[in-house]
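Residue numbers (the working numbering): 1 to 300.
Using N, Cα and C, we set each Cβ at its ideal position, and we do this for glycine too.
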């Protein structure tokens with residue numbers, strides 16, 4: 001009996017690199033140039049925040065004087081405090097209401113009122129912000145003066161309600177997208193085992209939708225920080241957020257102190273992203289839930 005020997009197929013040379021397609025290279029270069037075009041103004045503001053000149057356009061040398069001026073300016077610090085407080089509160093409101101609405105839309109898709117709720121939330125997203133601002137201002141005035149609801153005269157409360165209006169719709173659609181891709185079998189199994197609805201929500205539903213809730217709350221916070229149109233209409237003299245202060249300041253001259261505080265606000269946003277990443281990594285290690293920061297921001 002003769003042994004049959006098979007010759008192995010010639011392996012491809014490992015030392016030779018695969019030639020890149022010129023179109024792919026050009027597309028990559030175009031993408032890098034596009035990102036540089038978008039983020040270069042931010043880098044310029046960060047660089048000019050260390051300007052010792054009196055005006056932002058006039059560079060007089062490197063220094064930290066702009067940061068000292070920004071932190072010692074009561075108008076700037078007050079505006080930042082208002083923006084952060086309103087951003088946190090609106091994020092919490094949007095996370096709670098938007099999460100509940102997102103679960104309801106995903107789990108009750110056949111209900112008749114779901115279509116009306118979805119259309120209403122979509123209308124909030126597509127309505128121009130200036131229209132919302134013009135409509136909210138007389139409504140708040142009517143509630144605070146004619147109807148006797150004095151809390152609506154507070155600029156802080158007006159800002160929270162106005163910012164939460166748009167953020168709730170954003171969180172709702174993010175949570176809905178997350179829950180639509182998850183099977184309801186685990187919730188049904190828990191119901192068969194006798195778990196009450198509140199227990200099923202906190203033990204099963206909420207852990208599944210947690211990445212979407214975190215991403216929605218973070219997005220709501222950042223949207224609130226840079227909201228200028230709504231804030232300029234509904235804010236009051238005792239509650240002026242930082243974007244409104246900046247918008248009023250650039251009418252005369254843009255000083256390095258504003259660039260310095262804007263850099264600190266950018267740093268705050270990056271810290272918030274880092275905290276979210278830490279929370280997700282910790283959760284993945286404890287529960288084995290393989291969610292990354294990128295998938296969380298996408299609501300996945």
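Residue i and residue j look like a contact to me (Cβ under 8 Å); what is the Cβ gap, rounded to whole Å?
| i | j | result |
| --- | --- | --- |
| residue 234 | residue 173 | Between residue 173 and residue 234 the Cβ distance is about 24 Å, and since that is not below 8 Å, they are no contact. |
| residue 102 | residue 175 | 3 Å |
| residue 261 | residue 76 | 5 Å |
| residue 244 | residue 224 | Going by Cβ atoms, the distance from residue 244 to residue 224 rounds to 13 Å, so no, they are not a contact pair. |
| residue 153 | residue 144 | 4 Å |
| residue 182 | residue 165 | No, residue 182 and residue 165 are not in contact; Cβ-Cβ is about 27 Å, not under 8 Å. |
| residue 222 | residue 247 | That belief does not hold up - the Cβ atoms of residue 222 and residue 247 are roughly 18 Å apart, past 8 Å. |
| residue 303 | residue 117 | Because residue 303 is not part of the residues shown, which for the chain are 1 to 300, the question remains open. |
| residue 276 | residue 163 | Not really, about 20 Å apart at Cβ, beyond 8 Å. |
| residue 168 | residue 94 | 5 Å |
| residue 257 | residue 66 | 5 Å |
| residue 107 | residue 184 | 7 Å |
I'd like the list of long-range same chain contacts for residue i, defined as Cβ closer than 8 Å, with 5 residues on each side in sequence excluded.
| i | result |
| --- | --- |
| residue 92 | 217 |
| residue 8 | The predicted model places residue 8 with a pLDDT of 49, which falls under 50 and marks its position as unreliable, so this point remains unresolved. |
| residue 238 | 155 |
| residue 48 | 56, 59, 256 and 259 |
| residue 199 | 190 |
| residue 19 | none |
| residue 39 | none |
| residue 64 | 50 |
Identify, in the order they occur along the chain, each residue of the same chain with its Cβ nearer than 6 Å to the Cβ of residue i, setting aside the five sequence neighbours on each side.
| i | result |
| --- | --- |
| residue 60 | 52 and 53 |
| residue 298 | Legend: pLDDT at residue 298 = 49, less than 50; position of this residue unreliable, value from coordinates given subsequently. Hits under 6 Å: none found. |
| residue 204 | 186, 187 and 190 |
| residue 46 | 263 |
| residue 62 | 50 |
| residue 149 | 143 |
| residue 240 | 79 |
| residue 70 | 76, 257, 260 and 261 |
| residue 281 | none |
Taking C-alpha atoms, which residue in the options lies nearest to residue i?
| i | options | result |
| --- | --- | --- |
| residue 82 | 242, 257, 132 and 183 | 242 |
| residue 215 | 62, 126, 281 and 170 | 170 |
| residue 41 | 67, 277 and 259 | 259 |
| residue 68 | 255, 278 and 106 | 255 |
| residue 212 | 226, 228 and 180 | 180 |
| residue 270 | 219, 63, 100 and 251 | 219 |
| residue 137 | 157, 125 and 126 | 157 |
| residue 88 | 161, 50 and 113 | 161 |
| residue 98 | 124, 32 and 150 | 124 |
| residue 226 | 114, 79, 70 and 22 | 79 |
| residue 267 | 192, 30 and 43 | 43 |
| residue 90 | 159, 206, 197 and 196 | 159 |
| residue 100 | 24, 31 and 206 | 206 |
From the DSSP secondary-structure annotation, give me the bridge partner or partners of residue i.
| i | result |
| --- | --- |
| residue 51 | 62 |
Cutting at 7 Å between CB atoms, please list the residues of its own chain near residue i, excluding the five before and the five after it.
| i | result |
| --- | --- |
| residue 73 | 257 |
| residue 312 | Since the first and last residues shown for the chain are 1 and 300, residue 312 lies out of range. |
| residue 114 | 105 and 108 |
| residue 151 | 157 |
Within 8 Å (strictly less), CB to CB, does residue i reach chain C?
| i | result |
| --- | --- |
| residue 204 | Among the chains in the structure shown there is no chain C, since it carries only a single protein chain. |
Which runs of the alpha helix (DSSP H) fall wholly inside the region 55-98 and span at least 4 residues, in chain order? As far as the region 55-98 is concerned, its whole alpha helix (DSSP H) runs of at least 4 residues are 65-72.
Tell me the start and end of each unbroken alpha helix (DSSP H) in the region 134-188 that is at least 4 residues and wholly inside, in chain order. Entirely contained in the region 134-188, the alpha helix (DSSP H) runs reaching 4 residues are, in chain order, 155-180.
Curious, which full-length alpha helix (DSSP H) runs of at least 4 residues does the region 213-262 contain? Here the runs fully enclosed are 229-234 and 242-249.
Please give me, in chain order, every unbroken run of the alpha helix (DSSP H) with length at least 4 that falls completely inside the region 101-126. Within the region 101-126, the complete alpha helix (DSSP H) runs of at least 4 residues are 112-126.
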